[in-house]
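Structure first, then comments.
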Amino acid sequence: MVAFDLTVRTRTLLNISLKCSAGPIFETPEGHEPFKCIAQFTFGASDPVECPAPVELVTNADCPKGKYNFNLYKQYAREVGVEANQEFINSPVCVTIFKATIGEKQPTVTKVPIASATLDLSPFIVDPEAGTELGGEEVAIEALPWDTPDALPFFGFGPRDPPEDGSELPPPEPIKIFLTAKINRKMVTLEEIEKALIYSFKLTASPLPPAMLKVSADLQEPFTYTLGIMLDDRIAWCREGVITKNEEGEDQIVWEGGGVERFYMPPESAFAFKKRLRAGACTLYAQMGRYLKPARLPEFRDQFYEQYQACGTMTGLENLIEPGRSECECELPLLAFNNDNSSPPGPRESFLEAPAQTGKSPLPEDLTDRAVCPWVTVQTLVKVQVTGSRSLLPPWEAPPTSKFTINELLPLRPPPPSVSPKIITKNEFRSQIKAAVATIADEFSAIKIDVQGDQKKTEKQLIFELNRRGVYFQLKEKIKRAVIDLVKDRYAKEAHTTKEEMVALYNDLYVHLSDEMHAVLHGIRRGEDPLSIPSKPKPGEASMADFTLDKLRMLADEYEVNFQFKEALKYHQQRVLKASRDVSVWYDFGAYHMRRGELGEAEEAFREALLIDPEHVPSLVAAGITLLQLEEFDRCEVYLQTAMNAQKSNAIIWLLLCMLYALLGREKDCINCEWEMKRLAEETGQNVYLDASIMLLDHHVGSRAAQCLVEQEKTIDLLLCLSRAASIQNMHQVALDRILDALGIDNTDSRAYELLGHHHFSRRHHDAACEAYQKALFHAKGPCTLAVYLRLGDVYLQKSEYDKAKHLFLVACEACPCASTWLGAAISYFRTDDMEHAERCLSEANLLDYLNPAVWGWLTLVCLKQGREEEAKLVYGQSQKHDLIDPALLLEIGRSFFSAGWADYALGPLRKSLSANPTDTGTRSLLAEAMIIVNDLKGAKEEFRRALENASSTADELNILPSLVKVTGLLGEEAESKAWQEQLQAAQNDA
313 MVAFDLTVRT RTLLNISLKC SAGPIFETPE GHEPFKCIAQ FTFGASDPVE CPAPVELVTN
373 ADCPKGKYNF NLYKQYAREV GVEANQEFIN SPVCVTIFKA TIGEKQPTVT KVPIASATLD
433 LSPFIVDPEA GTELGGEEVA IEALPWDTPD ALPFFGFGPR DPPEDGSELP PPEPIKIFLT
493 AKINRKMVTL EEIEKALIYS FKLTASPLPP AMLKVSADLQ EPFTYTLGIM LDDRIAWCRE
553 GVITKNEEGE DQIVWEGGGV ERFYMPPESA FAFKKRLRAG ACTLYAQMGR YLKPARLPEF
613 RDQFYEQYQA CGTMTGLENL IEPGRSECEC ELPLLAFNND NSSPPGPRES FLEAPAQTGK
673 SPLPEDLTDR AVCPWVTVQT LVKVQVTGSR SLLPPWEAPP TSKFTINELL PLRPPPPSVS
733 PKIITKNEFR SQIKAAVATI ADEFSAIKID VQGDQKKTEK QLIFELNRRG VYFQLKEKIK
793 RAVIDLVKDR YAKEAHTTKE EMVALYNDLY VHLSDEMHAV LHGIRRGEDP LSIPSKPKPG
853 EASMADFTLD KLRMLADEYE VNFQFKEALK YHQQRVLKAS RDVSVWYDFG AYHMRRGELG
913 EAEEAFREAL LIDPEHVPSL VAAGITLLQL EEFDRCEVYL QTAMNAQKSN AIIWLLLCML
973 YALLGREKDC INCEWEMKRL AEETGQNVYL DASIMLLDHH VGSRAAQCLV EQEKTIDLLL
1033 CLSRAASIQN MHQVALDRIL DALGIDNTDS RAYELLGHHH FSRRHHDAAC EAYQKALFHA
1093 KGPCTLAVYL RLGDVYLQKS EYDKAKHLFL VACEACPCAS TWLGAAISYF RTDDMEHAER
1153 CLSEANLLDY LNPAVWGWLT LVCLKQGREE EAKLVYGQSQ KHDLIDPALL LEIGRSFFSA
1213 GWADYALGPL RKSLSANPTD TGTRSLLAEA MIIVNDLKGA KEEFRRALEN ASSTADELNI
1273 LPSLVKVTGL LGEEAESKAW QEQLQAAQND A
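My numbering applies: residue 313 is where the sequence shown begins, and numbers increase by one.
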């Protein structure tokens, strides 16, 4: 029996004791005395412990074949911790049984090993079910080759005759021993077992230096090779490397088996190792040296040890971060070791053991260049197979299903009322009749017919023209299809219908079709069922309902660019009213609310979209992003998981799920989503982080967009995205720094200049914005965005550079034709007194957006400038109908009406301008002057008084006080007029 009693004397020390017995071994051949045996055991690097004297075979009734009893004891002390765990996983207890022969003349003992066994102590460290005892049962010892005829004489038995029946000689029985190991408490906790890591290595190195191969062959392999890998600030040793042939017959050095240590990594180190791998910042440093075998040390000394000392960094470890993967193939290119900065990052001093140079003769090796490392000359590459006790990450699996389903989050809506097929066919017939009437009316208007003549003649001429043009046939075919559907639905012919029954059926059908046709005609005549909406409404009759969905979307975007968010919202709302069952309309509406930071309204819009189509991925993703911002993580998970199930190949959705689970602290789900995202990105070549950040920025989610770009390579695209993210978060200096960083990489990128212009424009640095926008236009390879043209044009107008503004807006009208670009061109022409071109540009703007109040406002100014006062009154009415609120434009319109002698028409725009800017003394004084003209003296007095209250300078007071003196005098208020006169005199004296 071999037993290990590992007891703890203190909290930090382990004491190991061992008892050993072995037997039975085998049956001794007849005529031979049973030989004596010695048992020996070793643990770690300690000296072996063996029997003090050979032990004889003991035979008794219980054990007729005999047994050897060994009593061995040794106590070891180890400090509990990483070093002890490292020793336990690499140092099994080795038991060897020797045949002992005592000399006849001298009391010397000759030992011949006949069997050995080992007890692996690593289960104490890695197996949660190991308990405090290992072994405890009889196991077969690995027998040395003593059972062959050549070996038997060596053991003292001599050759044995084969059995008489001609069968083969049976081998002796195998040796068995009873082997146990005990500790009084567990060395590691269950948590340490689950979270610690043990790595093993298998290494090969090739090609090898020819000079070294030659001397190895000449001296019969005198070398051994040691390689140390620095891992977790400790060294994983790979010793006893030997030269062998690979499958291709090439020489290589191989490290495997007992010479390669397994490396123990405690939980905290394993966590840090995983973190470094995930961050892509883990490369292992290694050193390698060549040594003479101990048996050759007395004979030779290695004069080239330093030349063969090499180092390098191991790459390929990032594969270990794959979920469920516990092994990987790494590469270690060897470089010359120098204790200066020319070596790879690592210790400047060698951590290899210095060689023992006891021999006198140098190696018969010839190096052609002793200053160059032989490994580097032949470009030796060490291939390392790394195998872990477990994977760093558990096997990949999709995140668990969320608590709720998408249907539970969406409000229940009653299904739309079903429409009877009969009603559908009737409505289709009526619509065809209405279309026919409209077509006939159009044809009647197009052909020249004398409507004042004979009615029958007119009817004949119309029918002739309809037949000649082929219109009659087309109408007949369209109505024919509608009639067929109606007949199929309303009338069914029986199998045996008589002639009389068919006549009655035809009569009924004729009456029914006539009734339906007359119902349509009567509805048209009464105005209850108009033929069609005019393609271009007359002035004063237009509304947003007249625009198509695409047109409404373009106008909403245009107003948003102009920071007119109230108008943009109206157009989005009109789209919803026009197509409430269109999922894209609700999605656009929600996206607009997100850009405005109105997350609650955005979520409602996305929910409406999902009620129409629960699998609309853009709405699902946008709703998830909205809830991510609102920190409604449970509902966010539902939307994102639904999007993922609908579109599993969308890497951006996996990234958003990864971000969500990171916020929830669900590391496993976060890692699995990140891994799937990276896998999809590798398949498609997509830069997921950049694409996701752009999508988030388009929804004005700056913080999450910046989070996507952490630790990514600093490219121009990334820096511009970081600038946009900082700008959304009102981090203006950071936004500016990122733009300048991008321009430092490429100072011809128009996008960077565009963002720089937006930055300066938002900060009201108009000169800097102008310069940036000009560079953006200069470097652009195509048209710039609408915002660049409009904002640069606005700067030109503010600086009174009207020719530049005119040229810019005309270019913009070609690149981005819309009402705003034509309006800008019109203003430029107006400021240069070119009223003809200004009116033309305003007409173009009106065609593109006849609901734009600013267009009507400027058209009012053009009419007034040209002396067309009556037309100006009508046009100004249109601007008021569409709610013109620009205070500067209203003031200019009021001033123009006043100058044209239409003081009563000046009152409206001046009052509306004041409602937006009530402290403007100039506007209020002008309003009072107009009120004097229309004989509203009391109102004028009140406006002058309020203007005086808001006066910010003595000059303003000197302008207002004479008017107060005048108006109070006209009202006959002599005392008050005198008081104002005295105040005027005092102000003049102070001035």
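Just so you know, even glycine gets a beta-carbon here, dropped at the ideal spot from N, CA and C.
Fair warning: this is a prediction, and the values are worked out from it, not measured in the lab.
Whole angstroms is fine: what's the gap from residue i's alpha carbon to residue j's?
i, j, result
"SER896", "VAL694", "58 Å"
"PRO336", "CYS550", "For PRO336, the predicted structure reports a pLDDT of 48, less than 50, and the residue's modelled location is therefore unreliable. A value from the coordinates is still provided. The alpha-carbon atoms of PRO336 and CYS550 are separated by roughly 38 Å."
"CYS970", "GLY997", "19 Å"
"ASN719", "TRP898", "18 Å"
"ALA668", "MET524", "19 Å"
"GLU944", "GLY902", "17 Å"
"GLY1234", "LEU1273", "13 Å"
"THR954", "TRP966", "12 Å"
"ARG574", "ASP1053", "48 Å"
"ALA1299", "ILE1205", "32 Å"
"PHE877", "TYR904", "10 Å"
"CYS640", "VAL698", "5 Å"
"GLU1294", "LEU1270", "12 Å"
"SER1275", "PHE1256", "7 Å"
"LYS1087", "GLN621", "58 Å"
"PRO461", "LYS498", "Any answer about PRO461 is weak, because its pLDDT of 44 lies below 50 and its placement is not dependable; what the coordinates show is given next. So the two alpha carbons sit approximately 48 Å from each other."
"ALA427", "PHE410", "7 Å"
"LEU968", "ARG1258", "57 Å"
"GLU634", "THR430", "35 Å"
"HIS1238", "ALA1291", "Residue identity differs from the one stated: residue 1238 is Leu in this sequence, not His. Taking the straight line joining both Cα atoms gives about 23 Å."
"SER1155", "LEU1203", "22 Å"
"LYS1093", "ALA1084", "16 Å"
So, at 8 Å on beta carbons, what are the nonlocal neighbours of residue i in its own chain, with the 5 sequence-adjacent residues on each side left out?
i, result
"GLU503", "PRO579"
"ARG1050", "LEU1031, LEU1032, LEU1034, SER1035, ALA1038"
"ILE1197", "PRO1165, LYS1224, ALA1228"
"GLU927", "THR954, ALA958"
"GLU995", "none"
"LEU1021", "TYR1001, LEU1002, SER1005, LEU1030, CYS1033, LEU1034, ALA1037"
"ARG682", "PHE616, GLN619"
Enumerate in chain order the residues of its own chain whose CB-to-CB distance from residue i is below 7 Å, with the five nearest sequence positions on each side excluded.
i, result
"GLN941", "LEU911, VAL1013"
"ASP1003", "ILE964"
"LYS348", "PRO366, VAL367, GLU368, ALA412"
State the beta-bridge partners of residue i as determined by DSSP.
i, result
"CYS640", "VAL698"
"SER518", "LEU693"
"THR371", "In DSSP, THR371 forms no bridge with anything."
"GLN352", "GLU362, THR408"
"PRO425", "PHE410"
"VAL500", "Paired residue(s): none; VAL500 is not in a bridge."
"GLN599", "GLY540, CYS623"
Only counting the same chain, and skipping five residues up and downstream in sequence, which positions put a Cβ closer than 6 Å to that of residue i?
i, result
"ALA1124", "TYR1101, THR1133"
"GLY700", "LEU509, TYR511, SER638"
"LEU932", "TYR951, THR954, ALA955"
"SER703", "GLY636, ARG637, SER638"
"LEU705", "PRO635, ILE983"
"ALA396", "ARG390"
So, under 8 Å CB-CB, residue i and residue j are touching, yes? Tell me the CB distance rounded to an integer number of Å.
i, j, result
"ILE964", "MET1007", "6 Å"
"THR1326", "PRO425", "Residue 1326 cannot be examined here, being either before or after the span of the chain that is shown, 313 to 1303."
"TYR1162", "LYS1185", "Going by Cβ atoms, the distance from TYR1162 to LYS1185 rounds to 18 Å, so no, they are not a contact pair."
"GLY1105", "PHE1121", "5 Å"
"VAL1277", "ILE1244", "At roughly 13 Å, the Cβ-Cβ gap does not stay under 8 Å, so VAL1277 and ILE1244 are not in contact."
Three or more C-beta pairs closer than 8 Å, one from the stretch 669 to 682 and one from the stretch 550 to 562: is that the case here? The stretch 669 to 682, when compared against the stretch 550 to 562, does not touch it at the 8 Å Cβ threshold.
Across the stretch 1056 to 1076 and the stretch 1091 to 1101, are there enough close Cβ pairs to call them in contact, namely three or more that are closer than 8 Å? Result yes; three or more Cβ-Cβ pairs closer than 8 Å.
Is the number of C-beta pairs between the stretch 1012 to 1030 and the stretch 976 to 990 that are closer than 8 Å three or more? In the pairwise beta carbon analysis, the stretch 1012 to 1030 is classified as not touching the stretch 976 to 990: fewer than three pairs are separated by under 8 Å.
So, do the stretch 347 to 361 and the stretch 522 to 538 have three or more beta carbon pairs nearer to each other than 8 Å? Taking 8 Å as the limit for Cβ pairs, the verdict is that the stretch 522 to 538 does not touch the stretch 347 to 361.
Would you call the stretch 1129 to 1143 in contact with the stretch 1168 to 1177, where contact means no fewer than 3 C-beta pairs closer than 8 Å? Output reads yes: the stretch 1168 to 1177 touches the stretch 1129 to 1143.
For the pair the stretch 1217 to 1232 and the stretch 1194 to 1209, tell me if three or more CB-CB distances fall below 8 Å. Contact check between the stretch 1217 to 1232 and the stretch 1194 to 1209: three or more CB pairs, one atom from each, fall below 8 Å, which counts as touching.
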